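Read through the structure below, which is laid out as C-alpha cells, and then see the notes.
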Amino acid sequence: MATTYQNFINGTWVNGQTGETTPSTNPADLSDVVGEFQKSNAEDAKVAIAAAHGAKKAWAGTSGLARGQYLLKAASYLESHAEEFAQAITREAGKAILEARGEVGRAVALLQYYGVDGSNPVGTVVPSVNPNILLYTNRMPLGVVSLITPWNFPLAIPIWKMAPALVYGNTVVLKPASAAPLLGALIARMWAEVGLPNGVFNLVTGSGGAIGNELVSNLAVNAVSFTGSTKVGHGIAVESARQGNRYQLEMGGKNPVIVLPDADLEQAATITVSGAMKYSGQKCTATSRAIVVGGIIEEFTDLVVDKTKALKIGPGADADSIVVPVIDQASKDNIKAAVERGIRDGGNVLFGGGVPTGKIFDRGTYVQPTVITKVAPDAFVACEEIFGPVLSIIPARDYDEALQIANSVEYGLSAGVFTRSLNSAMDFANRIEAGIVKINGETAGVEPQVPFGGMKSSSTGNREQGKAAIEFFTQMKTIYMDRSAT
Ligand code: NAP
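Structure, rendered in C-alpha cells:
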C-alpha cells in the first residue's frame, strides 16, 4: 500500500478538500506507485495562500541573517538525507541515480549560497546633494510568492526559487508538478524539521488546471515564479499582468551546438551526445540540434552515432544507465510522434527512432536515443522542443549560415560552439541569441552562483539564481533621511 502524502499548510499536514488523492508512479516501473497525493482544489490553494499571507509580516520582520540561518540548517538537513532525496528523484522522475545525487548536491549548494547571502548587504548609501541627508536604498520583500514547478528537476528547481524567496523575506506556496510531487512533500518535511515558522512555506499538490489559476490570480499573491512549458507560462503572464503582479517564467528550449571545422571532433561528439541523451533529453538545456559546418559533417555524424549506440538504456536506479525512461506514456507517445514527423519531413534516422522492448523495457516508458540527419532547419523536429533523447544533425555551408540556423527558432535558452578559434568563440558569444553560452561545453549543466535564464520565448522576467535572484524577489526603496530637523 503506497503512502498517502498530505498538503503542508501553516505548519500542519492536512488533507485536501476533495478528499481524493492521485497516484504518482515510477516511470521505470509503472506498477510501482511512489505515493498518493492530495488532489487539491482552488479552495486548498486559497487556504495555503491565506497562511502565507498571515505569516508574511512576521517573516519580513526578521533579519536576513536569521532567515539565512534557517536555510543553512536546511542545507545540513538535506546533506544528511542526501541519499534518501536522490533515491526519491530517481524513483519518481526516472533520473539516473548519479544525476539525482548531483541534483541534491546542487540543492544543498543553493541553500548554502542563499543562507550566507542573508548576511550580505541589500542596499547602498549614495551621496546626496544635501549634506544633511542620508540617502540610501533598501530592498523589501514582495510578500506572498507562488512557486509553480515542473517534474524534471523536482528538487533543484523548487529550491532555487524558494531559497532566495525566503531569505529575502517572502513567504511561499509551492505547487509541484503532478508527475513528481514527492520531492515537494520531502521539502515540506525538511522545513518542518528545521522549524521554519508556520505559514512561511506551504505545499499544495494537485493539477495545474485545478489550482494554477488560484495561485496566480488570488489577490493576496504578490508574485509568481514559474518554470515549465511555454504554453502554460504565457497563460500565467497574461493573468499576472491583469493583476499587476510580478512574474518570472522559465520555459522551453531548442538548444543548438555549432560544430566548426577546426573543432576537436572527438570532444565535440562526446559532449553533444551527453547533452542530448543524458536524462533522455528531458532538460530544458538539453542539446537538440547539432549544426555542423562544412565537410566534417560525415566524420562528426559517425562519431555521434557510435557514441549514441554505446549508451546504456535502463532504469535510473542502475548506476550505469544513461538513457532512462521518459516521464510518462504521454511523453513517450509525443517523442515517437515527433520522430515520425521528422521522417515524414525528409529526415533520415541513423540510429534509434523506436522503443526498446523486452522485460525491463516493457515495465517502463522507454524510448531509444535517436539521431536524425538530413533535417531541414525549419522542420518540426528541428524547431520544436521534443523533450526526449532526439538529436537533429543539420548541415550548414559556413559559420554565418550556422549562426542564422541556430538563431532561427523561437527559443533562446542555452547554446554551444565547438571550435579552437578564440575569434569564433567570442563572435559566437556575442551573436548567439541565448541566455547561456558554452564554448566547447555541454548546453546542459549550470552553476548555481551565476544567473540562469534565456532569451526570446525561453524566459520572461528577471533571471534566477546567483546575485540576480534578488531583483525578482525584492522591491527597491530609496530613503532620504534629513537630519536637519533633529
Ligand atoms: P508544464 O506542463 O508547463 O507544467 C509546469 C507546472 O505548471 C506544473 O506544476 C503544472 O502542473 C503547472 N501548470 C499546468 N497548467 C497550469 C495552469 N493552467 N496554471 C498554472 N500552472 C499550471 O511543464 P512540465 O511538463 O512539467 O515541464 C516541462 C517543461 O518545462 C519543458 O518545456 C521544459 O523546457 C520546461 N523547463 C524549463 C526550465 C527552465 O529553466 N527554462 C527548466 C526545467 C523545465 P501539473 O503538473 O499539475 O500539470
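Going letter by letter, the sequence shown gives residues 1050 to 1535 in the numbering used here. Where is the CB? At the ideal position from N, CA and C, for every residue including glycine. For clarity, every value in this text was computed on a predicted model and none was experimentally measured.
What's the gap between the Cα of A1325 and the Cα of Y1529?
The residue labelled residue 1325 in the question sits at position 276 within the sequence shown. The residue labelled residue 1529 in the question sits at position 480 within the sequence shown. In a straight line, the C-alpha of A1325 is about 53 Å away from that of Y1529.
With a CB to CB cut of under 8 Å and the five nearest residues on each side skipped, what residues in its chain are close to D1311?
Translated into positions along the sequence shown, residue 1311 becomes position 262. These residues qualify, in order along the chain: T1468, R1469, S1470 and S1473.
How about L1127 and V1153: do their beta carbons lie closer than 9 Å?
Taking the first residue of the sequence shown as 1, we reach residue 1127 at position 78. Taking the first residue of the sequence shown as 1, we reach residue 1153 at position 104. Closer than 9 Å, so yes.
Determine the extent of the alpha helix (DSSP H) in which A1226 is found, giving its start and end residues.
Taking the first residue of the sequence shown as position 1, residue 1226 is located at position 177. A1226 -> no alpha helix (DSSP H), and no H or E assigned at all.
Which residues in the same chain have their Cβ closer than 6 Å to the Cβ of T1419, if we skip the five residues on either side of it in sequence?
Start at 1 with the first residue of the sequence shown, and residue 1419 comes out as number 370. Excluding sequence neighbours, T1419 sits near V1388, G1401, G1402 and V1439.
In angstroms with no decimal places, state the Cα-to-Cα distance between V1354 and L1360.
Reading the sequence shown from its first residue, position 305 is the one you call residue 1354. Reading the sequence shown from its first residue, position 311 is the one you call residue 1360. V1354 and L1360: Cα-Cα distance of roughly 10 Å.
Where in the region 1308-1394 do unbroken runs of the beta strand (DSSP E), each at least 3 residues long, occur, reported from the N-terminal end onward?
Whole beta strand (DSSP E) segments, 3+ residues: 1336-1342.
If distances are taken between C-alpha atoms only, which option among I1320, Q1087, P1076 and D1369 comes closest to V1063?
Your numbering for residue 1063 matches position 14 in the sequence shown. Among I1320, Q1087, P1076 and D1369, the Cα nearest to that of V1063 is on Q1087.
In whole angstroms, what is the alpha-carbon distance linking L1114 and K1526?
Here residue 1114 corresponds to residue number 65 of the sequence shown, with the count starting at 1. Here residue 1526 corresponds to residue number 477 of the sequence shown, with the count starting at 1. Straight-line Cα distance between these residues: approximately 20 Å.
What is the rounded straight-line gap between the Cα of G1110 and the Cα of G1218?
Here residue 1110 corresponds to residue number 61 of the sequence shown, with the count starting at 1. Here residue 1218 corresponds to residue number 169 of the sequence shown, with the count starting at 1. Using only the alpha carbons, I get a separation of about 8 Å.
So W1200 is in the beta strand (DSSP E); what residue range does that whole segment cover?
Along the sequence shown, one-based indexing puts residue 1200 at 151. Segment: none, W1200 is in no beta strand (DSSP E) and carries neither H nor E.
Quick check: the Cα distance between Q1136 and Q1453, rounded to an integer number of angstroms?
Start at 1 with the first residue of the sequence shown, and residue 1136 comes out as number 87. Start at 1 with the first residue of the sequence shown, and residue 1453 comes out as number 404. The straight-line gap from Cα to Cα measures roughly 42 Å.
Along the alpha helix (DSSP H) that carries V1153, what are the first and last residues, could you check?
As a working mapping, residue 1153 is identified with position 104 in the sequence shown. Unbroken alpha helix (DSSP H) run through V1153: I1146 to D1166.
Per the contact definition of three or more C-beta pairs closer than 8 Å, is the region 1477-1486 in contact with the region 1504-1522?
Because the criterion of three Cβ pairs below 8 Å is met, the region 1504-1522 and the region 1477-1486 touch.
What is the DSSP secondary structure of L1471, counted as helix, strand or coil?
Translated into positions along the sequence shown, residue 1471 becomes position 422. Helix at L1471.
With DSSP as the reference, identify every bridge partner of A1272, one or two as the case may be.
As a working note, residue 1272 is residue 223 in the sequence shown. Note: A1272 sits in a beta bridge opposite V1194 and R1295.
Do you know how far the Cα of P1374 is from the Cα of Q1514?
Position 465 of the sequence shown, counted from the first residue, corresponds to residue 1514. Position 325 of the sequence shown, counted from the first residue, corresponds to residue 1374. Roughly 29 Å between the two C-alpha positions.
To the nearest whole angstrom, what separates the beta carbons of N1271 and N1294, a pair I think is in contact under 8 Å?
Locating residue 1271 in the sequence shown gives position 222, counting from the first residue. Locating residue 1294 in the sequence shown gives position 245, counting from the first residue. 6 Å between Cβ atoms; contact.
For a test of your reading of the model: does the CB of N1472 fall under 8 Å from any non-hydrogen atom of the ligand NAP? Yes or no.
As a first step, residue 1472 is located in the sequence shown; it is residue number 423 there, counting from the start. False, no ligand heavy atom lies under 8 Å from that Cβ.
Quick check: the region 1196-1209 against the region 1231-1243, are there 3 or more CB pairs under 8 Å?
Contact holds: three or more Cβ-Cβ distances are below 8 Å.
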